[in-house]
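Residue numbers (the working numbering), protein chains in the order written: chain H, 1 to 147; chain L, 148 to 294. Virtual Cβ for every residue (Gly too), placed ideally from N, Cα, C.
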DNA sequence: AAAGGTAGTCAAGCTGCTTGACGAAATAGT
DNA sequence: ACTATTTCGTCAAGCAGCTTGACTACCTTT
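Okay, structure coming up:
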């Protein structure tokens, strides 16, 4: 059991990759073919009540400039809008447009479609155990690119 | 159970990220501080009997030029060597140097150190179940960056 | 009112990847 | 055996996504 621990990284990373690739493919298949997986991580943060550039930068673990640049791209493509921040005239609140929300729903559908058969094969108990075990290893919340 | 499927990507990616970051930190702590996680994925392929540039490129899902470039960097830093290929005078077999093997062992140690308490907390049965469940989702073998 | 800190953008540069083109060697066709 | 085609690896140039540095506008503290 000690030596075999080394196959776990491979299994985990393969599973993560399958997920990212599958969701990306599903999103593209639904017509949103001008986005990359990295954009999905931004959407996760924006999908609540929106976020400022700085908040998004922290979430993605990049500089404000990089985040600002990605937002500019998403604005151009029609997925998000910059609105004045209610409490701070310096800041700008970045929120999803209807198109942005549609894309988010598409990603959710793709993910569900991908995971449903898998979850069904596992069954509720193992699924619950898996959730607990994974949560013990990572620290959910900040979902962003790995390297 | 249907709606909750959407937290699984977050859990999986968080766990994967924790692993990659942890191993990277462990490798650096052991003195190999001039490598990035991406290099680790190359090492995985080279650690067998070595590989050609083309094989590594396919493993990493990049062009031959990009793989060749990374190899050049690893050669300069002393982790790998280019040897003539036994069966094909065009090809060159890239293999790990003693330093490369030492780094590989360091990565294994870091991974084991990271996973041991986690595995102990889970216990053998849940660990086995986790392995099986993860293997069902991804397709192990080609471990490479996700996006 | 003045001083310092913070939000966001503009500009320039770097790194890791890409596409394109090439010589050397293996393989296939005749 | 000889030519034609494919494959291995590299050189060269270009591009995309990030970085650091500098700056303005605005908030906060005293």
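Taking DSSP as the reference, what is the three-state secondary structure of residue i?
i	result
residue 228 (chain L)	strand
residue 182 (chain L)	coil
residue 146 (chain H)	Note on residue 146 (chain H): pLDDT 48, under 50, position unreliable in the model; no value is reported.
residue 237 (chain L)	coil
residue 189 (chain L)	helix
residue 53 (chain H)	helix
residue 62 (chain H)	coil
Is it buried or exposed for residue i, if we count other Cβ within 10 angstroms and need 16 for buried?
i	result
residue 231 (chain L)	exposed
residue 192 (chain L)	buried
residue 191 (chain H)	This structure leaves residue 191 (chain H) out entirely; chain H is present only between 1 and 147.
residue 293 (chain L)	Confidence in residue 293 (chain L) is poor, its pLDDT being 48 and thus under 50, which makes the residue's placement too unreliable to answer from.
residue 180 (chain L)	exposed
residue 251 (chain L)	buried
residue 165 (chain L)	buried
residue 189 (chain L)	buried
residue 9 (chain H)	buried
residue 280 (chain L)	buried
Taking only the alpha-carbon atoms, compute the straight-line gap between residue i and residue j and give it to the nearest angstrom.
i	j	result
residue 205 (chain L)	residue 20 (chain H)	19 Å
residue 31 (chain H)	residue 79 (chain H)	13 Å
residue 201 (chain L)	residue 22 (chain H)	26 Å
residue 88 (chain H)	residue 52 (chain H)	10 Å
residue 50 (chain H)	residue 68 (chain H)	14 Å
residue 184 (chain L)	residue 35 (chain H)	25 Å
residue 276 (chain L)	residue 194 (chain L)	28 Å
residue 7 (chain H)	residue 91 (chain H)	46 Å
residue 163 (chain L)	residue 207 (chain L)	17 Å
residue 14 (chain H)	residue 64 (chain H)	31 Å
residue 96 (chain H)	residue 268 (chain L)	41 Å
residue 282 (chain L)	residue 246 (chain L)	32 Å
residue 119 (chain H)	residue 137 (chain H)	20 Å
residue 27 (chain H)	residue 102 (chain H)	10 Å
residue 131 (chain H)	residue 56 (chain H)	26 Å
residue 213 (chain L)	residue 152 (chain L)	37 Å
residue 115 (chain H)	residue 224 (chain L)	42 Å
residue 62 (chain H)	residue 264 (chain L)	31 Å
Nearest to residue i by CA position, among the options, is which residue?
i	options	result
residue 94 (chain H)	H:106, H:105, H:102 and H:81	H:81
residue 176 (chain L)	L:260, L:239, L:160 and L:159	L:260
residue 187 (chain L)	L:233, L:152, L:213 and L:253	L:253
residue 172 (chain L)	L:255, L:159, L:224 and L:245	L:255
residue 139 (chain H)	L:159, L:151 and L:152	L:159
Taking 7 Å as the cut-off, is the beta-carbon of residue i closer than that to any non-hydrogen atom of the ligand MN?
i	result
residue 179 (chain L)	This structure lacks the ligand MN; in fact it carries no ligand of any kind.
Stretch-stretch touch, CB-based, cutoff 8 Å, three pairs: the segment 124 to 131 of chain H with the segment 69 to 78 of chain H
no
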